[in-house]
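In case it helps, full-length UniProt numbering puts the sequence shown at residues 1 to 626.
The structure appears right after this line, and notes come after that.
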Amino acid sequence: MSSPCPEDAPREPEPERSSAKKEKKRKWPQREASILGLTRAGHRALLAGQDQEALTSFQRAFLLASEAPRERDTLVLQACAFNLGAAYVETGDPARGLALLLRAQPEGQAQGGRHGDQCFNVALAYHALGDLPQALAWYRKALGHYQPLCDQGRAQAQMGGCYQALGQPGPAAHCLQEASRAYAQAGQPRAAALALGAAAGCMLSSGQHAVSEVVRVLQESRRLAERSAERGLLGRLYNDLGLSYSQLRLFPLAAEAFLQALPLCRAPGEAATVLTNLGMAHNALGNYQEAREFHRKAAALHGSAGQRWEQGRSFGSLAFALSQLGDHEAARDNYLHALQAAQDAGDTKGQWQACEGLGAASARLGQHAQALEHYKDALARCQEPGSVRERLVAKLADAMRTHLARGGLVLAQSLTSAPGRPPVPGGACPAGVARGPAEGLHRRPGGKEEDEEALRGTEEEGAPSAPGPGWLARRLERECCRSRDSSGGARGAETCAAAGSDVPFLAPPQPMLVDELYELVVDAIFGFSFKGDVREPFRSILSILSGLTVPIASIDIPSGWDVEKGSAAGIQPDLLVSLTAPKRCAAQFAGRYHYLGGRFVPPALEKKYQLNLPQYPDTECVYRLQ
Numbered sequence: 001m002s003s004p005c006p007e008d009a010p011r012e013p014e015p016e017r018s019s020a021k022k023e024k025k026r027k028w029p030q031r032e033a034s035i036l037g038l039t040r041a042g043h044r045a046l047l048a049g050q051d052q053e054a055l056t057s058f059q060r061a062f063l064l065a066s067e068a069p070r071e072r073d074t075l076v077l078q079a080c081a082f083n084l085g086a087a088y089v090e091t092g093d094p095a096r097g098l099a100l101l102l103r104a105q106p107e108g109q110a111q112g113g114r115h116g117d118q119c120f121n122v123a124l125a126y127h128a129l130g131d132l133p134q135a136l137a138w139y140r141k142a143l144g145h146y147q148p149l150c151d152q153g154r155a156q157a158q159m160g161g162c163y164q165a166l167g168q169p170g171p172a173a174h175c176l177q178e179a180s181r182a183y184a185q186a187g188q189p190r191a192a193a194l195a196l197g198a199a200a201g202c203m204l205s206s207g208q209h210a211v212s213e214v215v216r217v218l219q220e221s222r223r224l225a226e227r228s229a230e231r232g233l234l235g236r237l238y239n240d241l242g243l244s245y246s247q248l249r250l251f252p253l254a255a256e257a258f259l260q261a262l263p264l265c266r267a268p269g270e271a272a273t274v275l276t277n278l279g280m281a282h283n284a285l286g287n288y289q290e291a292r293e294f295h296r297k298a299a300a301l302h303g304s305a306g307q308r309w310e311q312g313r314s315f316g317s318l319a320f321a322l323s324q325l326g327d328h329e330a331a332r333d334n335y336l337h338a339l340q341a342a343q344d345a346g347d348t349k350g351q352w353q354a355c356e357g358l359g360a361a362s363a364r365l366g367q368h369a370q371a372l373e374h375y376k377d378a379l380a381r382c383q384e385p386g387s388v389r390e391r392l393v394a395k396l397a398d399a400m401r402t403h404l405a406r407g408g409l410v411l412a413q414s415l416t417s418a419p420g421r422p423p424v425p426g427g428a429c430p431a432g433v434a435r436g437p438a439e440g441l442h443r444r445p446g447g448k449e450e451d452e453e454a455l456r457g458t459e460e461e462g463a464p465s466a467p468g469p470g471w472l473a474r475r476l477e478r479e480c481c482r483s484r485d486s487s488g489g490a491r492g493a494e495t496c497a498a499a500g501s502d503v504p505f506l507a508p509p510q511p512m513l514v515d516e517l518y519e520l521v522v523d524a525i526f527g528f529s530f531k532g533d534v535r536e537p538f539r540s541i542l543s544i545l546s547g548l549t550v551p552i553a554s555i556d557i558p559s560g561w562d563v564e565k566g567s568a569a570g571i572q573p574d575l576l577v578s579l580t581a582p583k584r585c586a587a588q589f590a591g592r593y594h595y596l597g598g599r600f601v602p603p604a605l606e607k608k609y610q611l612n613l614p615q616y617p618d619t620e621c622v623y624r625l626q
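Written out as structure tokens, the structure reads:
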């Protein structure tokens with residue numbers, strides 16, 4: 001009888017494995033107690049702001065729960081997965097947290113506040129990941145499970161934040177108002193006030209609410225804040241209320257709210273922000289002495305907090321208040337401080353605003369050449385949309401007119417039109433070459449980008465008002481563009497003659513600047529004797545002329561044209577004034593106006609060269625050919 005094969009022999013129970021299970025079950029109560037202790041430690045660490053310690057405790061609890069007996073692991077493991085997932089979301093890892101939170105979801109239609117918390121944390125994870133539609137859906141699920149009013153308020157407030165991020169201020173305002181009601185009914189006036197203040201901001205952004213309705217919400221928010229015994233965060237609330245009042249241009253109420261915020265903001269940076277806002281509100285109210293003191297304190301506090309960007313904006317607002325008090329030297333100095341701070345902080349907007357203020361201060365001090373340079377610098381630094389650039393260009397033109405007027409301008413000879421004679425192109429001011437004075441040349445002080453517009457008072461700075469159109473009609477404003485300094489020879493003589501007539505010389509400007517600053521460009525570079533190719537530096541100047549949209553008036557022949565053949569690729573003037581007689585190239589002229597100035601030609605010379613000049617009427621020295 002052979003012995004059986006060991007593989008075929010019946011297996012005896014494994015005492016080790018069985019005993020291990022028993023041992024595991026026996027030790028489970030101890031592990032469960034450890035899990036509970038770790039969970040409580042994690043919650044305490046979260047409340048203390050010790051995020052890493054909390055995360056470590058929840059991780060250890062989750063690992064212990066993963067080793068639980070099968071019949072007891074479901075609820076414990078779900079709870080640990082929920083805690084760890086929420087901790088990951090809290091500590092900035094929403095993707096890992098979301099996976100654990102979804103794993104922690106109970107099967108079936110679970111109800112109650114615990115399931116509401118689970119839905120709320122899933123919503124927070126989606127919110128942090130930027131999936132706002134999913135976040136809104138899970139916030140709504142949480143809202144359906146929550147019974148306590150404070151939890152409902154929390155869910156509504158988060159939904160309001162989602163709608164704000166989606167650019168939908170209307171639904172956001174509704175959710176925040178609902179959140180405020182829930183918080184108020186739950187006996188949490190501070191949370192209710194904060195939610196209602198945020199709702200007022202959304203109402204302003206939507207543009208769908210009457211001013212009276214927004215004011216009512218702001219007043220209710222303020223009333224709730226005054227009921228609160230908790231003073232934390234109320235400084236920020238009062239500051240936000242002040243900003244909302246400022247958007248409504250209710251500056252007395254804004255100043256009152258900022259004053260309430262000031263003692264509640266202890267940190268230097270926060271106090272400086274409130275002081276800046278107080279200064280802006282008083283600027284808007286015309287209380288410049290009070291504004292000056294607030295801005296001085298704000299600049300000092302921003303400096304002590306190392307907030308160079310904000311300090312630069314405070315210097316700019318202080319400079320404006322000083323300018324309104326007539327202290328233009330101090331204003332100029334503070335604009336210089338603002339410019340340096342803006343350069344240090346890389347604040348492009350602050351840089352051009354400071355340059356604009358420097359232009360205004362220089363003009364008020366009679367330093368018109370410096371004002372001109374500062375406005376040019378502001379325009380070069382500005383990257384704002386067209387309306388802002390137009391304002392800067394208008395101020396630059398104003399400064400240029402004032403600079404020229406202070407230098408002495410000559411009377412223009414009146415061109416009295418003969419009966420039936422068309423007017424000279426350019427409108428009512430044929431002698432003027434610079435645009436008329438701009439209207440509403442305002443600059444506003446800086447601040448935080450999203451809030452500063454609400455607080456900016458109207459600042460009408462810049463050069464002294466330029467003379468009106470009637471003055472321009474009697475004066476001739478002239479500027480000469482040349483390639484480089486001339487010395488000796490004919491060009492030197494021409495330069496001396498121009499300088500003796502107070503004609504300023506400019507470097508060749510950009511086409512855009514010419515289009516903005518001038519109404520007419522007179523081209524008198526080359527005459528009829530020009531031959532060959534155009535060389536530098538004249539090629540660059542003619543390139544600028546080719547890119548203009550303002551009218552060009554060419555004398556005798558358009559510069560760069562061949563006297564016989566013309567030039568289809570050259571400049572194309574709107575006005576041509578032929579001297580003595582039209583040249584052959586004038587046949588290629590396609591502009592709107594062609595005049596002849598040649599009455600000085602003796603009849604014998606006209607007959608000798610068969611010029612066939614027209615008959616000039618009466619005593620006119622010019623004749624319109626087309």
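For glycine and all other residues, C-beta sits at the position ideal for the given N, C-alpha and C.
Computed from a prediction, not measured in an experiment: that's the story for all the values here.
CB contact flag (residue i, residue j, <8 Å)
i	j	result
A184	A192	yes
F315	N283	no
H295	S317	yes
L579	P551	no
L379	R389	yes
L84	Q50	no
residue 640	T348	In the structure displayed, the chain extends from 1 to 626; residue 640 sits before or after that span and is not available.
Y139	A123	yes
L605	F589	no
A128	L143	no
A272	E226	no
G359	A298	no
V534	I555	no
Three-state secondary structure (DSSP) of residue i
i	result
V522	strand
I35	helix
residue 698	One cannot answer for residue 698 here, as it falls past the ends of the chain, which runs 1 to 626.
I555	strand
Y88	helix
G359	helix
P445	Low per-residue confidence applies at P445: pLDDT is 32, beneath 50, and the placement is therefore not dependable enough to give any value.
D618	coil
S57	helix
R249	coil
H594	strand
R401	helix
G566	strand
Cβ separation of residue i and residue j, assumed to be a contact under 8 Å, to the nearest whole Å
i	j	result
A95	C80	Actually they are not in contact, since the Cβ atoms of A95 and C80 sit about 19 Å apart, beyond 8 Å.
R45	E32	The residue asked about is misnamed: residue 45 is Ala in this sequence, not Arg. That belief does not hold up - the Cβ atoms of A45 and E32 are roughly 20 Å apart, past 8 Å.
Q152	A182	4 Å
A354	A342	6 Å
Y595	L625	7 Å
G97	A86	7 Å
Q208	C150	With 8 Å as the limit, Q208 and C150 do not qualify as a contact, their Cβ atoms being about 29 Å apart.
V563	G597	So it is not a contact: roughly 17 Å between Cβ atoms.
Nearest-angstrom Cα separation, counted from residue j out to residue i
i	j	result
S543	E536	11 Å
E178	L102	28 Å
M203	P169	7 Å
A199	N334	38 Å
G167	P133	13 Å
A524	D618	28 Å
C119	E256	41 Å
G350	Y375	14 Å
Y146	S34	30 Å
L176	A254	22 Å
G92	R391	45 Å
G235	P263	8 Å
V76	T39	11 Å
G197	A267	22 Å
E329	D377	20 Å
F251	L285	7 Å
G160	L545	56 Å
L47	S57	13 Å
Y616	V601	12 Å
Checklist entry - Between the stretch 237-245 and the stretch 212-228, do three or more beta carbon pairs fall short of 8 Å? => result Because the criterion of three Cβ pairs below 8 Å is met, the stretch 237-245 and the stretch 212-228 touch.
Checklist entry - Below 8 Å, can you find three or more Cβ-Cβ pairs linking the stretch 289-303 to the stretch 270-279? => result Here the stretch 289-303 lies against the stretch 270-279, with 3 or more beta-carbon pairs under 8 Å apart.
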